[in-house]
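Peer 1: In the numbering used here, the protein residues as written are 396 to 737. C-beta: ideal position from N, C-alpha, C; glycine also.
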Amino acid sequence: MTPFVDRLLLQAEQCRLMGSPLTGALLEGAAADMRAGGVTAEVLAGSLELPPGTVPSLRFAGALHRLVLERKAPELALHYPSVGGTAPAEEVWPAAERACREHVPELQQLMTRTVQTNEVGRAAVLFGVLGMLGRRVRLLEVGASAGLNLRADHFAYATGDVVLGEPSSPVRLVDPWKNPPPVRHDVEVVERRGCDPNPLDPTTTDGRLTLTSYVWGDQSVRLERLRGALDIAARVPAQVEQAGALEFLTRELAASDDDLLTVVWHSVVWQYVDPAERKAVEELLATAERRVVRVSLEPEAVDGSYVFRVHATTYPSGRRVHLADALGHGPPVRWTGARIEL
Ligand SMILES: C[S@@+](CC[C@H](N)C(=O)[O-])C[C@H]1O[C@@H](n2cnc3c(N)ncnc32)[C@H](O)[C@@H]1O
């Protein structure tokens, strides 16, 4: 396995490329400190063998952000725009190092938690697709995390003077689409349910804190969307149960209703579902007795890099269309012009 210092540096580079100089500087500082045998080595001692997919560097960044959000690291907080900090990102490490020294056992414990996010921007895809359907929808989300996007119809989607969704929503996605979705109907979500093996409750302090801590502290747009979605979650109920895709869909598809169109939605989930479960879910969908539309936003390798593709598959016909391409966090979405035939 790549030496841990190199993993920190690689992740730092990724964070800078993805618009978080704060997390970049933090992880570079941690790498230098670890190389020198400083406190980082002690904090990360139990995490050195974690496989790459578990992103231990981001666990570490999330753990420190959590201390900041909990007001346990006031000096470090001065560097975090998420709590109003304005001190330079590039000078974050000395304060982070002191926070590490003051909180070793707590940080070691936080390093055992998996990184768990819920990207509100991905609702730009879901809402656009729901607007193509023109039917009352029963929305089932697989890998829903905290279920924030089960409330996609309560967000505002603003293009120029036109605002779709709920115009006064605290979640405002500005210019979510490069071009308009090919068909426009009102969206009516009648039922919203999700599953996740590790669901987070967005109505509890711990759930809200956990979700916020894993958004990088200088990514103001993502943080603002998340805060808005947490407010909506407090007033619009949606159930996310602890279950995997197969268990959840087996039961929920059997309970489908003729008056409603069932939409199964998943975003950046499929890679985490093991191949046998994926196959079983696909077989289950293929034998669905009532009409189901599966809508997915998942990464695909194209010419050596990742593209986030949006597909819709209609069952029982099994007809699959490429509806759009998006970015990892959602907007801007570029629609292909393809339509869903129900
Ligand atoms: C990268 S997160 C994406 C969460 C959410 N869909 C979003 O777009 O913000 C991947 C999610 O898939 C969930 N997951 C992992 N294995 C799963 C399975 N077998 N069935 C359903 N969800 C799964 C994880 O717990 C995690 O919440």
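The alpha helix (DSSP H) that contains L502, what's its start and end?
Peer 2: V499 to L505
Peer 1: A624 and V566 - do their beta-carbons sit closer together than 8 Å?
Peer 2: yes
Peer 1: Mapping the DSSP letters down to three states, classify Q511 as helix, strand or coil.
Peer 2: DSSP, read as helix, strand or coil, puts Q511 in coil.
Peer 1: So L722 is in the beta strand (DSSP E); what residue range does that whole segment cover?
Peer 2: R714 to L722
Peer 1: Is the beta carbon of H661 less than 8 Å from the beta carbon of E536?
Peer 2: yes
Peer 1: Taking DSSP as the reference, what is the three-state secondary structure of Q634?
Peer 2: strand
Peer 1: Applying the 10 Å Cβ sphere with the 16-neighbour rule, what's the burial state of H498?
Peer 2: buried
Peer 1: Should Q383 be counted as a contact of ligand 1 given a C-beta to heavy atom distance under 7 Å?
Peer 2: Since the first and last residues shown for the chain are 396 and 737, residue 383 lies out of range.
Peer 1: Taking three-plus beta-carbon pairs below 8 Å as touching, is the region 643-657 in contact with the region 550-557?
Peer 2: no
Peer 1: Once DSSP output is grouped into helix, strand and coil, what is the label at V532?
Peer 2: V532 falls in the strand class under three-state DSSP.
Peer 1: Which of the three DSSP states is assigned to Y710 in this structure?
Peer 2: Note: Y710 maps to strand in three-state DSSP.
Peer 1: Can you give the Cα-Cα distance for L679 and C410, rounded to whole angstroms?
Peer 2: 38 Å
Peer 1: Going by the beta-carbon positions, is the gap between L425 and L453 smaller than 8 Å?
Peer 2: Reading the sequence as shown, one finds Ala at residue 425 and not Leu. No; because the gap between Cβ atoms is not below 8 Å, this pair is not in contact.
Peer 1: Within the chosen definition, does the region 496-514 reach the region 524-538 through at least 3 CB pairs nearer than 8 Å?
Peer 2: no
Peer 1: Could you give the DSSP three-state label for H661: helix, strand or coil?
Peer 2: strand
Peer 1: Span of the beta strand (DSSP E) holding S691?
Peer 2: V687 to V697
Peer 1: Just to confirm, does R729 get its C-beta within under 7 Å of one of the non-hydrogen atoms of ligand 1?
Peer 2: no
Peer 1: If you measure between the beta carbons of V687 and L737, is that distance less than 8 Å?
Peer 2: no
Peer 1: Check the C-beta distance from G725 over to V520 and give it rounded, since I have them as a contact under 8 Å.
Peer 2: Contact between G725 and V520 holds, with the beta-carbon distance rounding to 6 Å and staying under 8 Å.
Peer 1: Tell me the DSSP bridge mates of T481?
Peer 2: Note: T481 sits in no beta bridge, so no partner.
Peer 1: Check whether the Cβ atoms of E693 and G639 sit closer than 8 Å, and answer yes or no.
Peer 2: no
Peer 1: Locate the alpha helix (DSSP H) running through A472, then write down its first and last residues.
Peer 2: P469 to A472
Peer 1: Go ahead and label E423 buried or exposed: buried means 16 or more other beta carbons lie within 10 angstroms of its beta carbon, across all protein chains shown.
Peer 2: If you draw a 10 Å sphere on the C-beta of E423, you find 16 or more other C-beta atoms in it, and that means buried.
Peer 1: From which residue to which residue does the alpha helix (DSSP H) around R587 run?
Peer 2: Where R587 is concerned, there is no enclosing alpha helix (DSSP H), although the beta strand (DSSP E) it sits in stretches over E583 to D591.
Peer 1: Under the rule that 16 or more other beta-carbon atoms within 10 Å means buried, what is L606, buried or exposed?
Peer 2: buried
Peer 1: Secondary structure at L680, three-state DSSP: helix, strand or coil?
Peer 2: helix
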